[in-house]
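In order, the protein sequences belong to chains A and B. Under numbering that gives the first Met the number 0, the first residue of the first sequence carries the number 0, and numbering increases by one thereafter. Under numbering that gives the first Met the number 0, the first residue of the second sequence carries the number 0, and numbering increases by one thereafter. Worksheet for the structure shown next.
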Amino acid sequence: MSKTTTISVKEELVDLYLSNLDLITDRSSAILNRGRQAAIENFNLLGLPEAKSEKYKYSKIEPLFTQDLEKYFTPKDITFKIDDIFRCDIPEIGTDLALVLNGFYLPKGDKLKKLDNGVIYGSLAEASVKYPEIVSKHYNTIADNTSEGLVALNTAFIQDGVFIYIPKGVEMDRPIQIINLMMSDENLFVQYRNLVVMEESSKASIVICDHTLSVQKFLSNVVTEVVAKPNSNLELIKMQNEHNDSAQLSHTYVHQQRDSKVTTNTISLHGGFIRNNLNVLLDDVGCENNSYGLHLTDRTQHIDNYSFIDHAKPNCTSNELFKGIMDDQATGAFNGRILVRRDAQQTQAFQSNNNLLLTADAKMNTKPQLEIYADDVKCSHGATVGQLDMEAKFYMQARGIGEKEAKLLLMIGFAHDVVKKISIEPLRVRIDELVDKRLRGELSRCHNCPMHCC
Amino acid sequence: MLKIKDLHANIKGKEILRGINLEIKAGEVHAIMGPNGSGKSTLAAVLAGREIFEVTHGEVTFNDKNLLELSPEDRSREGLFLGFQYPIEIPGVSMVNFMKAAVNEQRKHRGLEQLSPADFLKMMREKKELVEIDSALTNRSVNEGFSGGEKKKNEIFQMAMLDPKLSILDETDSGLDIDALRIVANGVNKLKTANNASIVITHYQRLLDYIVPDHVHILYNGRIVKSAGKELALELEEKGYDWIKNGE
Chain A
0 MSKTTTISVK
10 EELVDLYLSN
20 LDLITDRSSA
30 ILNRGRQAAI
40 ENFNLLGLPE
50 AKSEKYKYSK
60 IEPLFTQDLE
70 KYFTPKDITF
80 KIDDIFRCDI
90 PEIGTDLALV
100 LNGFYLPKGD
110 KLKKLDNGVI
120 YGSLAEASVK
130 YPEIVSKHYN
140 TIADNTSEGL
150 VALNTAFIQD
160 GVFIYIPKGV
170 EMDRPIQIIN
180 LMMSDENLFV
190 QYRNLVVMEE
200 SSKASIVICD
210 HTLSVQKFLS
220 NVVTEVVAKP
230 NSNLELIKMQ
240 NEHNDSAQLS
250 HTYVHQQRDS
260 KVTTNTISLH
270 GGFIRNNLNV
280 LLDDVGCENN
290 SYGLHLTDRT
300 QHIDNYSFID
310 HAKPNCTSNE
320 LFKGIMDDQA
330 TGAFNGRILV
340 RRDAQQTQAF
350 QSNNNLLLTA
360 DAKMNTKPQL
370 EIYADDVKCS
380 HGATVGQLDM
390 EAKFYMQARG
400 IGEKEAKLLL
410 MIGFAHDVVK
420 KISIEPLRVR
430 IDELVDKRLR
440 GELSRCHNCP
450 MHCC
Chain B
0 MLKIKDLHAN
10 IKGKEILRGI
20 NLEIKAGEVH
30 AIMGPNGSGK
40 STLAAVLAGR
50 EIFEVTHGEV
60 TFNDKNLLEL
70 SPEDRSREGL
80 FLGFQYPIEI
90 PGVSMVNFMK
100 AAVNEQRKHR
110 GLEQLSPADF
120 LKMMREKKEL
130 VEIDSALTNR
140 SVNEGFSGGE
150 KKKNEIFQMA
160 MLDPKLSILD
170 ETDSGLDIDA
180 LRIVANGVNK
190 LKTANNASIV
200 ITHYQRLLDY
210 IVPDHVHILY
220 NGRIVKSAGK
230 ELALELEEKG
240 YDWIKNGE
């Protein structure tokens with residue numbers, strides 16, 4: 000009689016780590032290797048988020064990992080001529096471009112660029128060799144490896160990603176764009192890491208675009224760390240545009256120092272399964288944080304936005320606006336936690352989550368969560384789940400606008416509330432166009448781009 | 000232009016219109032007056048195609064077409080305009096996009112080409128001047144944060160943009176101060192031609208000092224109980240509605 004033993008997904012991942020340890024560490028610098036051991040031990044304790052965990056109640060993570068997915072520890076050779084096939088048209092707005100293919104930085108020239116004003120951007124692996132003092136000081140300092148298993152997993156495995164450094168006093172006049180491409184002839188599991196360091200009184204905009212370029216199944220587990228030093232100002236826009244067989248787990252950690260301002264805007268245009276975790280620590284007085292998000296979710300897609308704004312110090316302001324449109328059988332969740340610690344007097348924290356359900360089958364769970372331990376604060380939160388405004392629809396029809404077009408205009412208007420927060424005008428216009436196309440059911444890829452992203 | 004014959008309509012099983020007969024010809028201005036709850040706004044809504052009302056009997060032809068068979072948008076494209084008593088706020092939809100969509104749908108229906116952005120903006124500018132609406136309003140979302148008076152002016156602005164054959168103005172005067180009332184009335188008067196017509200629904204005689212009707216109808220209990228010339232409005236102002244209610 001044969002006896003079968005099933006090993007858990009967690010054990011498989013730990014095994015994967017151990018059996019590829021040489022491959023992983025040999026290619027990496029000491030800085031990236033530094034945290035691996037502790038991280039894998041943490042992961043071994045924490046495992047993947049469980050269904051019974053309140054934080055992951057509406058998103059089952061484990062089934063994503065039981066799919067048959069390949070993992071690579073060296074960049075896989077893919078016939079891919081960037082210049083021939085990838086002409087993204089967001090660069091019309093004049094961006095500095097960083098490309099990541101399946102988790103590895105893909106240079107168009109140097110792996111790391113240093114601009115005349117001292118701005119550095121490019122491969123994180125390369126940066127950890129060339130600028131060890133900067134990377135060492137910030138890498139893996141704010142990501143939570145001790146309670147979030149997926150982050151620990153990322154720290155254990157990652158080999159590359161994007162590094163962006165804005166020196167003291169430098170104000171970038173054009174955005175830096177990171178394009179993450181997934182393209183393979185096999186199903187793939189990919190993990191990588193981004194690190195953004197904003198030195199004192201610096202200012203920058205970063206646009207991150209996630210695309211799938213082939214039809215295979217993809218799972219990505221990505222951690223982005225943002226260090227915003229005193230008086231710095233960062234706008235971070237994330238565009239998620241992946242196909243229905245893709246799953247994305249994204250963890251963004253923002254550490255804000257005195258008088259800094261960080262605005263994130265996550266536009267989830269398309270994707271099979273998306274879980275976005277946003278963790279913001281307002282760690283000194285005078286900080287401003289704006290966290291915005293928009294998702295357009297249809298068919299059997301799933302979206303889950305989790306945010307945690309930690310008001311640790313007095314006199315900080317946070318504004319949160321997340322909106323979503325759900326069609327067909329789409330499912331979604333929003334969980335926005337705001338913590339106002341005892342010392343955080345004169346905190347202003349506002350949160351709102353609004354959802355439009357277009358069908359009776361679409362489902363949205365929303366959970367605002369305010370914990371306030373200070374007594375002199377101004378906080379508000381609100382969540383709505385509703386249908387299109389029939390009065391407004393009739394008003395438009397009474398002006399000759401057809402019913403379908405009226406509904407579209409209402410949806411576009413609903414979505415525009417979030418898009419209009421983007422401060423870079425050409426980008427705002429582009430994203431409005433993409434949202435428009437997406438809602439019209441046309442492919443939401445950039446029109447100059449010949450790639451079929453979804 | 001518009002012929003209403005024995006029109007009956009219900010809302011949730013309750014009969015509101017109980018046999019309306021009315022004929023409107025090009026170049027005419029008709030005022031419909033009546034006490035609260037008499038069915039004035041229901042008549043406007045039924046003509047514009049609001050689905051919550053059920054037409055149980057009667058017919059309405061508009062330029063020889065069966066109006067009741069048309070969708071609300073087709074009624075508008077055929078040249079019917081409803082000025083709302085309570086204009087709707089549409090956050091996120093700019094006045095410019097709203098009007099561009101509306102004007103172009105109307106033009107498409109009439110077999111005309113879409114307006115170029117330059118021509119469209121020129122048209123916006125001209126009509127804004129005509130109805131004395133603040134330029135800043137048209138840069139905002141539709142009616143969002145507008146005052147009561149601004150909303151009503153915006154209705155007249157939309158009417159000017161769409162150039163309808165028949166305008167039904169549902170209590171456009173309610174909630175207006177005297178200056179706003181004059182501006183709204185001026186707009187309506189300037190838009191009047193020999194080829195179009197209007198129905199002005201109002202509770203008070205006041206508006207009719209500025210928009211002089213050719214015919215005045217009194218609607219009571221779902222029926223037109225009295226029709227006459229403009230002098231009827233003055234008589235109403237003097238006597239109130241009681242003499243109608245008491246069946247004098």
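The beta-carbon is built from N, C-alpha and C at its ideal position, and this holds for glycine as well.
Which of helix, strand or coil DSSP assigns to residue i
i: residue 47 of chain A; result: coil
i: residue 106 of chain A; result: coil
i: residue 397 of chain A; result: coil
i: residue 98 of chain B; result: helix
i: residue 63 of chain A; result: helix
i: residue 147 of chain B; result: helix
i: residue 252 of chain A; result: strand
i: residue 245 of chain B; result: coil
i: residue 19 of chain A; result: coil
i: residue 90 of chain A; result: Reliability fails at residue 90 of chain A, whose pLDDT of 47 lies under 50, so the model's placement of it is uncertain and the value that follows must be treated cautiously. Three-state DSSP puts residue 90 of chain A in a helix.
i: residue 156 of chain B; result: helix
i: residue 169 of chain B; result: strand
i: residue 461 of chain A; result: Any answer about residue 461 of chain A is impossible in this case: the structure gives chain A only from 0 up to 453.
Rounded separation between residue i and residue j - CA only
i: residue 393 of chain A; j: residue 71 of chain B; result: 8 Å
i: residue 13 of chain B; j: residue 235 of chain B; result: 28 Å
i: residue 90 of chain A; j: residue 199 of chain A; result: The pLDDT assigned to residue 90 of chain A is 47, lower than 50, so where the model puts this residue is not dependable, and the model offers no usable value.
i: residue 173 of chain B; j: residue 110 of chain B; result: 37 Å
i: residue 216 of chain A; j: residue 276 of chain A; result: 22 Å
i: residue 425 of chain A; j: residue 204 of chain A; result: 13 Å
i: residue 283 of chain A; j: residue 73 of chain A; result: 40 Å
i: residue 60 of chain B; j: residue 220 of chain B; result: 23 Å
i: residue 96 of chain A; j: residue 193 of chain A; result: 14 Å
i: residue 351 of chain A; j: residue 269 of chain A; result: 22 Å
i: residue 290 of chain A; j: residue 384 of chain A; result: 20 Å
i: residue 169 of chain A; j: residue 431 of chain A; result: 29 Å
i: residue 32 of chain B; j: residue 240 of chain B; result: 10 Å
i: residue 189 of chain A; j: residue 374 of chain A; result: 45 Å
i: residue 101 of chain B; j: residue 76 of chain B; result: 9 Å
i: residue 35 of chain A; j: residue 316 of chain A; result: 35 Å
i: residue 112 of chain A; j: residue 171 of chain A; result: 15 Å
i: residue 224 of chain B; j: residue 217 of chain B; result: 6 Å
i: residue 123 of chain A; j: residue 211 of chain A; result: 21 Å
i: residue 132 of chain A; j: residue 22 of chain A; result: 24 Å
i: residue 134 of chain B; j: residue 398 of chain A; result: 21 Å
i: residue 247 of chain A; j: residue 96 of chain B; result: 35 Å
Contacts around residue i, its chain only, beta-carbon distance under 6 Å, and the 5 residues preceding and following it disregarded
i: residue 293 of chain A; result: 266, 322, 414, 417
i: residue 260 of chain A; result: 232, 287
i: residue 208 of chain A; result: 178, 238
i: residue 39 of chain A; result: 16, 155
i: residue 64 of chain A; result: 8
i: residue 179 of chain B; result: 148
i: residue 60 of chain A; result: 47, 48
Any non-hydrogen atom of the ligand COA closer than 8 Å to residue i Cβ
i: residue 316 of chain A; result: The model depicted lacks the ligand COA and carries no ligand whatsoever.
Selected residue, minimal CA-CA separation from residue i, among the options
i: residue 163 of chain B; options: B:154, B:36, B:170; result: B:154
i: residue 278 of chain A; options: A:300, A:108, A:310; result: A:310
i: residue 183 of chain A; options: A:133, A:218, A:240; result: A:218
i: residue 329 of chain A; options: A:271, A:95, A:159; result: A:271
i: residue 206 of chain A; options: A:224, A:244, A:264; result: A:264
i: residue 131 of chain B; options: B:80, B:242, B:197, B:159; result: B:159
i: residue 335 of chain A; options: A:6, A:55, A:18; result: A:55
i: residue 220 of chain A; options: A:236, A:176, A:173, A:149; result: A:149
Contact set for residue i: own chain, Cβ-Cβ below 7 Å, skip 5 residues either direction
i: residue 369 of chain A; result: 337, 378, 380
i: residue 4 of chain B; result: 20, 57, 58
i: residue 53 of chain B; result: 8, 9
Nonlocal neighbours in the same chain, by C-beta distance under 8 Å from residue i, ignoring five residues either side
i: residue 170 of chain B; result: 39, 40, 84, 200, 201, 202
i: residue 211 of chain B; result: 28, 229
Residues from the stretch 385-398 of chain A in contact with chain B, defined by Cβ distance under 8 Å:
388, 390, 391, 393, 394, 395, 396, 397, 398
Of all the residues that make up the stretch 34-58 of chain B, which are near chain A by a beta-carbon distance shorter than 7 Å?
Hits within the stretch, in order: 47, 49.
Using a Cβ-Cβ cut-off of less than 7 Å, list which residues of the stretch 415-438 of chain A approach chain B; keep chain order.
415, 416
Name, going along the chain, the residues of the stretch 114-146 of chain B whose beta-carbon falls closer than 9 Å to a beta-carbon of chain A.
140, 141, 142
Interface positions of the stretch 159-186 of chain B facing chain A (Cβ-Cβ less than 8 Å), listed along the chain
161
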